[in-house]
Amino acid sequence: MCAQLPAPWPCRVCRCTSSSSCPPAEVCLWLASFDESAKETNGTDKSIEPNLCGKPQELFATGRTHTGFAAGPPSSTPTELSKPSTAGTLSPLSKLSLAPSNKITYNELNHARFEPGTEGRPLAYFVQTGGRFLYASAIRLAVLKAVVSLSAAADTLAMSSLEVDLSGIEEGQTITVKWRGKPVFIKHRTEEDIAAANNVNLGGLRDPQPDSERAVDPKYLIVVGVCTHLGCVPIAGAGNYQGWFCPCHGSHYDGSGRTREGPAPYNLEVPEYRFLEDGQKVMIG
1 MCAQLPAPWP CRVCRCTSSS SCPPAEVCLW LASFDESAKE TNGTDKSIEP NLCGKPQELF
61 ATGRTHTGFA AGPPSSTPTE LSKPSTAGTL SPLSKLSLAP SNKITYNELN HARFEPGTEG
121 RPLAYFVQTG GRFLYASAIR LAVLKAVVSL SAAADTLAMS SLEVDLSGIE EGQTITVKWR
181 GKPVFIKHRT EEDIAAANNV NLGGLRDPQP DSERAVDPKY LIVVGVCTHL GCVPIAGAGN
241 YQGWFCPCHG SHYDGSGRTR EGPAPYNLEV PEYRFLEDGQ KVMIG
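Here the UniProt record's numbering is used: the first residue of the sequence shown is 1, the next is one more, and so on.
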């Protein structure tokens with residue numbers, strides 16, 4: 001039976017069901033197209049004679065083969081079956097492509113495996129396994145590098161904290177120390193300074209905050225010496241409130257480091273700190 005005609009259809013040319021004696025599939029399909037043309041034109045099947053099984057040479061002898069096919073010799077005699085199919089009709093190949101079929105085509109090449117004893121199999125497995133180990137090592141190094149870069153160095157940790165001895169600061173005196181590249185003011189306040197810081201109407205402050213939240217020990221006020229307006233360094237013991245005064249744009253801070261006048265929007269920052277066991281030292285940071 002012709003290779004391009006699905007079972008159980010008989011051959012369109014020789015009307016047989018034997019695959020061993022049919023002419024080549026290209027010849028059958030080409031002749032079948034003239035068979036359809038003859039039926040549509042004359043109403044009868046005058047194209048070819050049936051029962052040509054086992055006689056493919058007679059097809060070539062009748063001159064019904066296409067001159068362009070390599071399946072048979074070219075024909076020098078014109079035939080009456082040279083009329084092509086009319087426009088708007090499907091060719092036999094198109095009709096066959098639309099025919100339903102229960103056959104499942106499975107491409108074995110997509111799921112090919114090495115057969116036992118194949119010479120290239122050990123090398124291929126070795127290369128694949130080695131590549132996986134290389135990829136895993138590269139990922140491990142990248143992860144370790146990222147983790148190490150996130151951890152702070154010892155010198156950085158040392159700079160993040162600062163221990164200051166308070167025993168040398170006289171009452172009413174203000175000292176400046178450097179912490180994380182910023183100036184830090186430490187003031188040993190007097191009883192008058194503490195009383196003045198607590199005797200303030202918080203409702204009239206731009207950034208209201210009680211003095212008890214800004215000083216762990218009322219005797220010592222520790223603030224970052226950077227103006228909250230544009231980052232200048234205020235002057236200690238100056239201004240209208242005897243706290244700090246920023247000469248850049250005229251911001252005034254009181255004895256608790258709270259903004260009272262000028263463009264500064266917030267109070268001076270209070271860093272993290274804690275007093276050590278003896279009470280005479282403080283750890284900033």
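Here a beta-carbon is modelled for each residue, glycine too, at the ideal position from N, C-alpha and C.
Relative to the C-alpha of Gln173, which residue among Phe275, His188, Tyr253 and Gly231 is closest?
-> Position 173 of the sequence shown, counted from the first residue, corresponds to residue 173. The candidate whose alpha carbon is nearest that of Gln173 is His188.
By how many angstroms is the C-alpha of Leu150 removed from the C-alpha of Leu144?
-> Here residue 144 corresponds to residue number 144 of the sequence shown, with the count starting at 1. Here residue 150 corresponds to residue number 150 of the sequence shown, with the count starting at 1. Linking Leu144 to Leu150 through their CA atoms gives a straight-line distance of about 10 Å.
Same chain only: Cβ atoms within 6 Å of Arg274, ignoring 5 sequence neighbours per side | Start at 1 with the first residue of the sequence shown, and residue 274 comes out as number 274. Closer than 6 Å at Cβ, skipping near neighbours: Met283.
Cβ-Cβ separation, Thr190 to Glu163 (assumed contact under 8 Å), whole Å | Residue numbering aside, residue 163 sits at position 163 when the sequence shown is read from its first letter. Residue numbering aside, residue 190 sits at position 190 when the sequence shown is read from its first letter. Wrong, their Cβ atoms sit about 25 Å apart, outside the cutoff.
How is the alpha helix (DSSP H) around Asp193 delimited, first residue to last?
-> As a first step, residue 193 is located in the sequence shown; it is residue number 193 there, counting from the start. Per DSSP, the unbroken alpha helix (DSSP H) holding Asp193 starts and ends at Glu191 to Asn198.
Could you give the distance in angstroms between the alpha-carbon of Ser101 and the alpha-carbon of Gly130?
-> If you number the sequence shown from 1, residue 101 lands on position 101. If you number the sequence shown from 1, residue 130 lands on position 130. Looking at the backbone, the Cα of Ser101 and that of Gly130 are separated by about 46 Å.
Let me know the secondary structure DSSP gives Leu162 once reduced to three states.
-> Reading the sequence shown from its first residue, position 162 is the one you call residue 162. Correct three-state label for Leu162: strand.
Starting from the Cα of Pro183, find the closest Cα among Leu141, Val233 and Ser256 and give me that residue.
-> One-based indexing of the sequence shown puts residue 183 at position 183. Nearest C-alpha to Pro183 among Leu141, Val233 and Ser256: Val233.
Should His252 go down as buried or exposed, given a rule of 16 or more other Cβ atoms within 10 Å for buried?
-> Numbered from 1 along the sequence shown, position 252 holds the residue referred to as residue 252. Buried, since its Cβ has 16 or more Cβ neighbours within 10 Å.
Local conformation of Ile104 per DSSP, three classes | Locating residue 104 in the sequence shown gives position 104, counting from the first residue. Correct three-state label for Ile104: coil.
Quick one: grab the DSSP three-state call for Thr129.
-> Position 129 of the sequence shown, counting from 1, holds the residue named residue 129. In the three-state scheme derived from DSSP, where H, G and I count as helix and E and B as strand, Thr129 is classed as helix.
What are the boundary residues of the beta strand (DSSP E) that Lys187 is part of?
-> By one-based count along the sequence shown, residue 187 stands at place 187. DSSP places Lys187 inside the beta strand (DSSP E), whose first and last residues are Lys182 to His188.
Going by CA-CA distance only, name the one from Ser167, Arg260 and Leu221 that's closest to Val200.
-> Residue mapping note: residue 200 aligns to position 200 of the sequence shown, counting from 1. Arg260 is the residue among Ser167, Arg260 and Leu221 whose C-alpha sits nearest the C-alpha of Val200.
For Ile284, three-class secondary structure by DSSP = What you label residue 284 is simply residue 284 of the sequence shown in a count that begins at 1. Assignment of Ile284 by DSSP, reduced to helix, strand and coil, places it in the strand class.
DSSP three-state call for Glu269: helix, strand or coil?
-> Position 269 of the sequence shown, counting from 1, holds the residue named residue 269. Correct three-state label for Glu269: coil.
Quick one: grab the DSSP three-state call for Glu171.
-> To locate residue 171, count along the sequence shown from 1; it is residue 171. Glu171: coil per DSSP, three-state reduction.
The beta strand (DSSP E) with Ser212 in it runs from where to where?
-> On the sequence shown, residue 212 is found 212 positions in, with the first residue counted as 1. Where Ser212 is concerned, there is no enclosing beta strand (DSSP E), given that its DSSP letter is neither H nor E.
Just checking, does the segment 235-252 make contact with the segment 126-142 on the three C-beta pairs under 8 Å criterion?
-> Put simply, the segment 235-252 does not touch the segment 126-142. Fewer than three CB pairs are less than 8 Å apart.
Give me whichever residues DSSP pairs with Val143 in a beta bridge.
-> As a first step, residue 143 is located in the sequence shown; it is residue number 143 there, counting from the start. BP columns for Val143 are empty, so no partner.
Alpha carbon of Ala215 to alpha carbon of Pro271, nearest angstrom | Residue numbering aside, residue 215 sits at position 215 when the sequence shown is read from its first letter. Residue numbering aside, residue 271 sits at position 271 when the sequence shown is read from its first letter. Straight-line measurement puts the Cα of Pro271 at about 10 Å from the Cα of Ala215.
Please classify Val233: does DSSP put it in a helix, a strand, or coil?
-> The residue given as residue 233 occupies position 233 in the sequence shown. Residue state, collapsed to three classes: coil.
With DSSP as the reference, label Ala238 as helix, strand or coil.
-> Here the question's residue 238 lines up with position 238 in the sequence shown. Strand.
So is Ser256 buried or exposed if we call it buried at 16+ other beta carbons inside 10 Å?
-> The residue labelled residue 256 in the question sits at position 256 within the sequence shown. Classification for Ser256: buried.
Pick helix, strand or coil for Gly257, following the three-state DSSP scheme.
-> Counted from its first residue, the sequence shown places residue 257 at position 257. Note: Gly257 maps to coil in three-state DSSP.
Tell me whether the beta-carbon of Gly225 lies closer than 8 Å to the beta-carbon of Cys246.
-> Here residue 225 refers to the residue found at position 225 when the sequence shown is read from its first residue. Here residue 246 refers to the residue found at position 246 when the sequence shown is read from its first residue. Contact flag unset, no.
Limits of the beta strand (DSSP E) - the one that Val216 falls within | As a working note, residue 216 is residue 216 in the sequence shown. That residue, Val216, is in no beta strand (DSSP E); it is neither H nor E in DSSP.
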